[in-house]
Amino acid sequence: MKPMLASARRLGYAVGAFNIVDYNSARAVVRAAEELRAPVILQTSVKTVKFWGAPTIGSWLRELAATSPVPVAVHLDHCTTLEVIVQCIAAGWTSVMIDASDKPFEENLALTKKVLEITESVGVGVEAELGAIGGVEDDKQVADEDAHLVDPDKAMAFCTLPLAVFAPAIGTAHGLYKSAPKIAFDRLEALGRRTPMPFALHGGTGLSDEVFQRCIRLGCAKVNISTQLKHDFIDGFVEHHLDKKEYEPLKPLRAQFDRVKQQVSQKIRLFGGEGRFEDCQSCP
Ligand code: 13P
């Protein structure tokens with residue numbers, strides 16, 4: 005993921021990081037990327053890893069990534085424990101996020117460095133977060149009043165580490181927005197001027213095209229989409245079944261695949277990833 009996102013930041017587009025939940029959703033993401041000749045990130049929550057078991061879901065994702073003609077990173081989202089990080093690295097993930105953002109600054113930094121020590125020798129990329137992104141992601145819930153924005157000065161301590169990507173809290177939130185979020189473009193811009201580090205934009209569901217594009221211009225090279233895909237995953241299956249009232253599971257699974265793929269294609273185009281599959285020659 006590191007060379008993939010370094011290229012994206014340098015060239016001014018973003019790679020979509022799509023939270024998948026099973027083989028059908030993962031396959032839909034990879035096929036969308038292949039059709040558009042785009043790099044892509046298959047992202048798993050810790051909850052999804054625990055549901056299937058790391059070796060099982062890891063083998064599906066590795067197979068999809070290894071046999072695809074486009075660069076596919078396999079990334080672990082918002083992980084708070086070294087134990088799960090080590091399990092996923094052993095099962096073939098190519099990058100991991102250590103989320104110690106609810107810990108005091110020094111502790112967050114120290115844990116991030118510890119993960120970098122673990123990953124250094126195996127060539128696995130690392131994402132870290134500073135500030136607190138609101139909303140619910142996995143088992144973590146950050147109330148609106150507890151969400152706080154990144155401090156660009158403190159963020160520089162992270163941006164001088166050999167991270168693949170850094171996630172600054174800039175006012176976005178996981179889940180559905182109750183009202184239009186107030187994005188701290190000024191902080192993103194201040195940080196982007198000081199470092200070539202690619203940034204991750206969390207809470208992608210429900211942001212406007214203008215917000216995506218402005219954040220990408222200011223240095224966001226990875227955009228996370230989860231809630232929207234969960235809706236497409238469920239609605240694609242259920243609507244097909246309610247419409248046709250038949251019990252051939254492969255048909256609603258096909259409808260689900262098509263719906264997820266269509267959503268991913270739209271986002272890849274919006275983020276500027278189309279045709280970018282050759283930008284990063286050394287991608288895994
Ligand atoms: P959404 O669920 O809002 O799309 O956020 C995804 C995300 O940031 C995962 O880390």
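With this note's numbering applied, the sequence shown corresponds to residues 5 to 288, in that order.
Even glycine gets a Cβ: it sits at the ideal position worked out from N, Cα and C.
Does the structure place the region 15 to 30 close enough to the region 227 to 234 that three or more beta carbon pairs sit under 8 Å? yes
Around the C-beta of F55, are 16 or more other C-beta atoms found within 10 angstroms, so that it is buried, or is it exposed? exposed
Proximity to V264 [Cα-Cα], best of S29, A147, V25 and A10: S29
Inspect the beta-carbon positions of T199 and C224 and report whether they are closer than 8 Å. no
Distance, R31 Cα to A161 Cα: 37 Å
Whole alpha helix (DSSP H) elements within the region 85 to 114, 4-residue minimum: 86 to 94
Consult DSSP for D81 and reduce its assignment to one of helix, strand or coil. strand
Among the residues of its own chain, which have a CB less than 6 Å from the CB of H244, if the five just before and after it don't count? P256 and A259
Going along the chain, which unbroken runs of the beta strand (DSSP E) with 3 or more residues stay wholly within the region 120 to 165? 129 to 134, 138 to 141 and 144 to 146
Locate the alpha helix (DSSP H) running through A37, then write down its first and last residues. Y27 to L40
Ignore the nearest five residues each way along the sequence and tell me which others in K51's own chain have a CB closer than 6 Å to its CB. D142
Same chain, Cβ closer than 7 Å to Q267, neighbours up to 5 away in sequence not counted: Q232, L233 and D236
Tell me the residue span of the beta strand (DSSP E) that contains P172. V169 to P172
Out of curiosity, what's the CA-to-CA distance linking H152 and W64? 37 Å
May I ask you to check if the CB of D155 is nearer than 7 Å to at least one heavy atom of the ligand 13P? no
Taking just the CA atoms, how far does L274 sit from L222? 15 Å
Just to confirm before moving on: does the CB-CB distance between L46 and H82 stay below 8 Å? no
Integer-rounded CB distance, given that V154 should sit under 8 Å from R191: 6 Å
Anyone know if the C-beta pair for P108 and L134 falls short of 8 Å? no
Please determine, among E39, G16 and V34, the residue with the shortest C-alpha to C-alpha distance to G279. E39
For A70, the first and last residue of its enclosing alpha helix (DSSP H): A58 to A70
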